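Residues 19 to 143 in the numbering used here are what the sequence shown spells out, letter by letter.
What follows is a short report on a single structure.
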Amino acid sequence: MTVTGDATERLMRIGEVARAAGVSVRAVRYYEQQGLLTAERSPSGQRLYRQDAIAMVCFFQQMFAAGLTSRRITELLPCWDSGHTDADQRAMLRVERERLQGRIDDLEAARDRLDQVIAITDTHP
């Protein structure tokens with residue numbers, strides 16, 4: 019892909035995107051390899067990204083942290099781009115949300131157990 023963006027939009031190099039999103043350059047390349055992110059190319063071949071790449075990379079990070087696969091995140095991209103979903107996409111989103119809620123519940127239970135251990139051990143020198 020060549021540089022065809024809006025002339026008023028400043029395109030960013032890969033290092034700028036990585037720094038702004040708090041990830042490594044390698045992570046940005048990985049997202050591109052997985053088809054999650056697209057780069058335009060300068061005449062010299064450098065990757066150039068639109069400003070919204072930062073928000074997208076942050077979104078990818080959150081979704082990976084929540085346990086979604088790159089394939090599942092790819093399925094979410096039309097929702098991200100259009101702001102609309104069909105019935106299948108909404109069902110998938112609900113399934114992922116329920117799975118994530120289960121993980122949150124498990125983590126909260128583990129935290130509560132740790133709080134109990136801390137309270138018990140705080141009473142002993």
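Ideal Cβ positions, reconstructed from N, Cα and C, are used throughout, including at glycine.
Note that the structure is predicted; figures quoted are calculated from it, not measured.
Original post:
Mapping DSSP to helix, strand and coil, what is R59?
Top reply: In the sequence shown, counting from the first residue as 1, residue 59 sits at position 41. Reduced to three states, the DSSP call for R59 is strand.
Original post:
Should A36 go down as buried or exposed, given a rule of 16 or more other Cβ atoms within 10 Å for buried?
Top reply: Within the sequence shown, the letter at position 18 stands for residue 36. The residue in question, A36, is buried, as its Cβ has 16 or more Cβ neighbours within 10 Å.
Original post:
In the structure shown, what three-state DSSP assignment does R131 receive?
Top reply: If you number the sequence shown from 1, residue 131 lands on position 113. Looking at R131 - three-state DSSP - the assignment turns out to be helix.
Original post:
According to DSSP, which residues form a beta bridge with Y67?
Top reply: Looking up residue 67 in the sequence shown gives position 49. According to DSSP, Y67 bridges with M30.
**OP:** Identify, in the order they occur along the chain, each residue of the same chain with its Cβ nearer than 8 Å to the Cβ of W98, setting aside the five sequence neighbours on each side.
**Re:** Numbered from 1 along the sequence shown, position 80 holds the residue referred to as residue 98. The residues are M74 and F77.
**OP:** Identify which residue in L86, E34, R68 and I72 has its Cα closest to the Cα of R121.
**Re:** For the purposes of this step, residue 121 is taken as the residue at position 103 of the sequence shown. Nearest option by C-alpha distance: L86.
Original post:
Can you round the beta-carbon distance between L29 and R68 to whole angstroms, since I take them to be within the 8 Å contact cut?
Top reply: The sequence position of residue 29 within the sequence shown is 11, counting from 1. The sequence position of residue 68 within the sequence shown is 50, counting from 1. Contact flag correct, Cβ pair sits at about 6 Å.
Original post:
P61 to M81, Cα distance in whole Å?
Top reply: In the sequence shown, counting from the first residue as 1, residue 61 sits at position 43. In the sequence shown, counting from the first residue as 1, residue 81 sits at position 63. So the two alpha carbons sit approximately 33 Å from each other.
**OP:** Using the Cα positions of L125 and L111, report the straight-line distance between them to the nearest angstrom.
**Re:** Within the sequence shown, numbered from 1, the residue matching residue 125 stands at position 107. Within the sequence shown, numbered from 1, the residue matching residue 111 stands at position 93. Spanning the two alpha carbons is a distance of roughly 21 Å.
**OP:** Check the C-beta distance from R65 over to R31 and give it rounded, since I have them as a contact under 8 Å.
**Re:** Locating residue 65 in the sequence shown gives position 47, counting from the first residue. Locating residue 31 in the sequence shown gives position 13, counting from the first residue. The Cβ separation is near 7 Å, so the contact holds.
**OP:** Specify, as a first and last residue, the run of the alpha helix (DSSP H) that D45 falls within.
**Re:** If you number the sequence shown from 1, residue 45 lands on position 27. The residue you asked about is not Asp; residue 45 is Ala in the sequence shown. Element bounds for A45: V43 to Q51.
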